[in-house]
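Trainee: After the structure tokens below, expect a handful of questions from me.
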Amino acid sequence: MLVAKTVHNRLVSLASGFTEAELRRLQKTGSFYCPACNESVVLRVGVKRCSHFAHRKKECTVDQEGESDYHVTGKLQLFRWLQTHTSAQLEHYLPQIQQRPDLFVEVGKAAYAFEFQCASLSTEAFVQRTSGYRTQGYHPFWIMGAKRLKRLGTSLFRLSPQEWQYLTLTDQSPTLYYFSPFTNELIKLEHIIPFSSQIAFAELKILTPSSHTFSEWLTLHTSPSYHEGWIQKKRNFRTTYMLYPGLQYKHFLEKLYTLQIPPTHFPSEAGFPIPSAFMIETPAVIWQTWLLLDIMQVKKVGEVVNLKQLYMQFSARVRQKLIKLRYVPFMQSTIEKPLLEYVEVLCKLKFFSPVTYDSYRIERGYTVPMLSSDAFLEDGLLMKKWLDQAKEVTR
Numbered sequence: 116m117l118v119a120k121t122v123h124n125r126l127v128s129l130a131s132g133f134t135e136a137e138l139r140r141l142q143k144t145g146s147f148y149c150p151a152c153n154e155s156v157v158l159r160v161g162v163k164r165c166s167h168f169a170h171r172k173k174e175c176t177v178d179q180e181g182e183s184d185y186h187v188t189g190k191l192q193l194f195r196w197l198q199t200h201t202s203a204q205l206e207h208y209l210p211q212i213q214q215r216p217d218l219f220v221e222v223g224k225a226a227y228a229f230e231f232q233c234a235s236l237s238t239e240a241f242v243q244r245t246s247g248y249r250t251q252g253y254h255p256f257w258i259m260g261a262k263r264l265k266r267l268g269t270s271l272f273r274l275s276p277q278e279w280q281y282l283t284l285t286d287q288s289p290t291l292y293y294f295s296p297f298t299n300e301l302i303k304l305e306h307i308i309p310f311s312s313q314i315a316f317a318e319l320k321i322l323t324p325s326s327h328t329f330s331e332w333l334t335l336h337t338s339p340s341y342h343e344g345w346i347q348k349k350r351n352f353r354t355t356y357m358l359y360p361g362l363q364y365k366h367f368l369e370k371l372y373t374l375q376i377p378p379t380h381f382p383s384e385a386g387f388p389i390p391s392a393f394m395i396e397t398p399a400v401i402w403q404t405w406l407l408l409d410i411m412q413v414k415k416v417g418e419v420v421n422l423k424q425l426y427m428q429f430s431a432r433v434r435q436k437l438i439k440l441r442y443v444p445f446m447q448s449t450i451e452k453p454l455l456e457y458v459e460v461l462c463k464l465k466f467f468s469p470v471t472y473d474s475y476r477i478e479r480g481y482t483v484p485m486l487s488s489d490a491f492l493e494d495g496l497l498m499k500k501w502l503d504q505a506k507e508v509t510r
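So, in structure tokens, the structure goes:
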């Protein structure tokens, strides 16, 4: 805790630039209290650790988490950066909800409650804190410590189940925010598209606080450029996923077997990156294949299928636990969105053609490659066709 109050209710902030000698004097002569619970706190002047206030008794309902030096240093750096261009307050206590965000920031008419989260936080605690801020009209803004960021390749990252709860939608792009106190860098992962439950493709953007504002951190965007990496990952998946046949793959492999499709030869039309894929934990290759197989079991080429039928087929696989949804708190999107995005992919691949706003004619069957080499080639050709069609639409 970096802010306490005196017996006269004057706030004392350790971000004010006290020298060590001044802090020692305060330590000897001052009496300090928690702004939230009003209990006595002690000023601990750091030699090896950052100076901070600590409760004498750990009974404060607001100040429940211990803070590491990493957390305290990052909070101070973010505060000093935000002070240069916003109305920022450090550890501003909100009595109406009994919460104290790390930073409270006002930008124009918008108010943000910043949480610099370095320790693990349960989903229940995350939901409780976020709900509290939202009830008061504040925008919760969660920033993770950069130590949590696990980069596997240029655009490839490992995201733990807990990290997904901090996901934010900015201009419909799934985004995560990080900050590094060690390098003093603002980090943003955007256009996050999971390939599997914990592996995701994303665009990484690193900004220096001295050169950018908070608004720029929110609005500066990159364009996704990881489609070649996606194809390579899909190629690797084709040849390895059946080696680890857990429950999520067992029934999938059995289904392919009944249709006389070799495990490595699932349809090339499956496994496309779509913006709302974060809503589904099952790999895109698997859930999109299920959808294709289920369509062609009940419909023939030339027949019409509508979105309601597709949703019912998808929902049936969810109930059977063959497709698993990802729980992301406070996301407004419905599960129809990724389905519609995938249908749009199938239209660009000439598998579907629109009949009405919610119905589509099946123009051809899905592609089952004869050889593994054919599968790799077809994956690349269909990805190129999809990207070319998307470029035509945006021209």
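Each step along the sequence shown adds one to the number in our numbering, with nothing skipped, and position 175 is 290.
Think of the CB as a built atom: it goes at the ideal place given N, C-alpha and C, for glycine as much as any other residue.
Keep in mind that this is a model prediction, so the values were computed, not measured.
Grab the span of the alpha helix (DSSP H) containing residue 347 for me, first residue to last.
Mentor: Under the DSSP assignment, residue 347 falls in the alpha helix (DSSP H) whose first and last residues are 342-355.
Trainee: Grab the span of the beta strand (DSSP E) containing residue 322 for me, first residue to last.
Mentor: Per DSSP, residue 322 is one residue of the beta strand (DSSP E) stretching across 314-322.
Trainee: Leaving out the 5 sequence neighbours to the left and right, which residues in its chain are closer than 7 Å to residue 460 when beta-carbon positions are compared?
Mentor: 387, 389 and 501
Trainee: Just verifying my parser: in three-state terms, what is the DSSP assignment at residue 168?
Mentor: strand
Trainee: Rounded to a whole number of angstroms, what is the C-alpha to C-alpha distance between residue 167 and residue 187?
Mentor: 9 Å
Trainee: Where does residue 492 fall in DSSP's three states?
Mentor: helix
Trainee: For residue 481 versus residue 324, is the C-beta distance shorter than 7 Å?
Mentor: no
Trainee: So, for residue 427: in the same chain, excluding its five sequence neighbours on each side, which residues have a beta-carbon less than 7 Å away from its beta-carbon?
Mentor: none
Trainee: Considering only the alpha carbon of each residue, which of 343, 158 and 443 lies closest to residue 276?
Mentor: 443
Trainee: Please list, in chain order, all residues of the same chain as residue 308 whose beta carbon is under 6 Å from its beta carbon, the five residues on each side excluded.
Mentor: 316, 388 and 392
Trainee: Give a yes or no on whether the C-beta atoms belonging to residue 203 and residue 177 are separated by under 7 Å.
Mentor: Taking 7 Å as the Cβ cut-off, residue 203 and residue 177 do not qualify as a contacting pair.
Trainee: Please specify which runs of the beta strand (DSSP E), each continuous and at least 3 residues long, are wholly inside the region 197-226, giving them in chain order.
Mentor: 202-205 and 218-222
Trainee: Which residue's Cα is closest to the Cα of residue 242: 207, 212, 200 and 280?
Mentor: The candidate whose alpha carbon is nearest that of residue 242 is 280.
Trainee: So within the region 229-256, which uninterrupted alpha helix (DSSP H) runs reach at least 4 residues, ignoring any that extend past its ends?
Mentor: Listed in chain order, the complete alpha helix (DSSP H) runs (minimum 4 residues) inside the region 229-256 are 238-250.
Trainee: In three-state terms, what does DSSP make of residue 270?
Mentor: coil
Trainee: Starting from the Cα of residue 212, find the closest Cα among 451, 432 and 228 and give me that residue.
Mentor: 228
Trainee: Is it right to say residue 485 is buried, meaning 16 or more other beta carbons lie within 10 angstroms of its own, or is it exposed?
Mentor: exposed
Trainee: Going along the chain, which unbroken runs of the alpha helix (DSSP H) with 4 or more residues stay wholly within the region 412-500?
Mentor: 422-434 and 451-463
Trainee: Nearest by alpha-carbon distance to residue 310: which of 321, 303, 299 and 349 is it?
Mentor: 349
Trainee: Just checking my contact of residue 475 with residue 420 at CB under 8 Å: how many whole Å lie between their CB atoms?
Mentor: 6 Å
Trainee: Looking at chain C, is there any beta carbon in it that lies within less than 7 Å of the beta carbon of residue 118?
Mentor: The chain inventory of the structure shown lacks chain C, comprising one protein chain alone.
Trainee: Residues bridged to residue 157 by DSSP?
Mentor: 169
Trainee: Can you tell me the Cβ-Cβ gap for residue 418 and residue 321, rounded? I've got them flagged as a contact below 8 Å.
Mentor: Their Cβ separation, rounded to whole angstroms, is 50 Å, which puts residue 418 and residue 321 out of contact at 8 Å.
Trainee: Could you tell me whether the region 357-366 touches the region 324-335, using the rule of 3 or more Cβ pairs below 8 Å?
Mentor: no
Trainee: What separation, rounded to the nearest whole angstrom, lies between the Cα atoms of residue 352 and residue 198?
Mentor: Computed Cα separation, rounded: 48 Å.
Trainee: Write down the C-beta distance between residue 304 and residue 285 rounded to the nearest angstrom, noting that I regard them as a contact closer than 8 Å.
Mentor: Their Cβ separation, rounded to whole angstroms, is 11 Å, which puts residue 304 and residue 285 out of contact at 8 Å.
Trainee: Shortest alpha-carbon distance to residue 249 belongs to which of 236, 262, 394 and 214?
Mentor: 214
Trainee: If you follow the alpha helix (DSSP H) that residue 367 is part of, which residue opens it and which one closes it?
Mentor: 362-373
Trainee: Quick one: residues in its chain with C-beta nearer than 6 Å to the C-beta of residue 270, no 5 flanking neighbours on either side, listed in chain order?
Mentor: 316, 341 and 344
Trainee: Around the Cβ of residue 384, are there at least 16 other Cβ atoms within 10 angstroms (buried) or fewer (exposed)?
Mentor: buried
Trainee: Evaluate residue 245 with the Cβ neighbour count: other Cβ atoms within 10 Å of its Cβ, from every protein chain shown; 16 or more gives buried, anything less gives exposed.
Mentor: With a threshold of 16 other beta carbon atoms within 10 Å, residue 245 meets it and is buried.
Trainee: Which residue comes first and which comes last in the alpha helix (DSSP H) that contains residue 333?
Mentor: 329-334
Trainee: Determine the direct distance from the alpha carbon of residue 367 to that of residue 437, and round the result to whole angstroms.
Mentor: Distance between residue 437 and residue 367, taken at the CA atoms: about 8 Å.
Trainee: By the three-class DSSP mapping on this structure, what secondary structure does residue 306 have?
Mentor: strand
Trainee: According to DSSP, residue 260 sits in a beta bridge with which residue or residues?
Mentor: 294
Trainee: Exposed or buried, what is residue 337 when buried is set at 16 or more other beta-carbons lying within 10 Å of its beta-carbon?
Mentor: exposed
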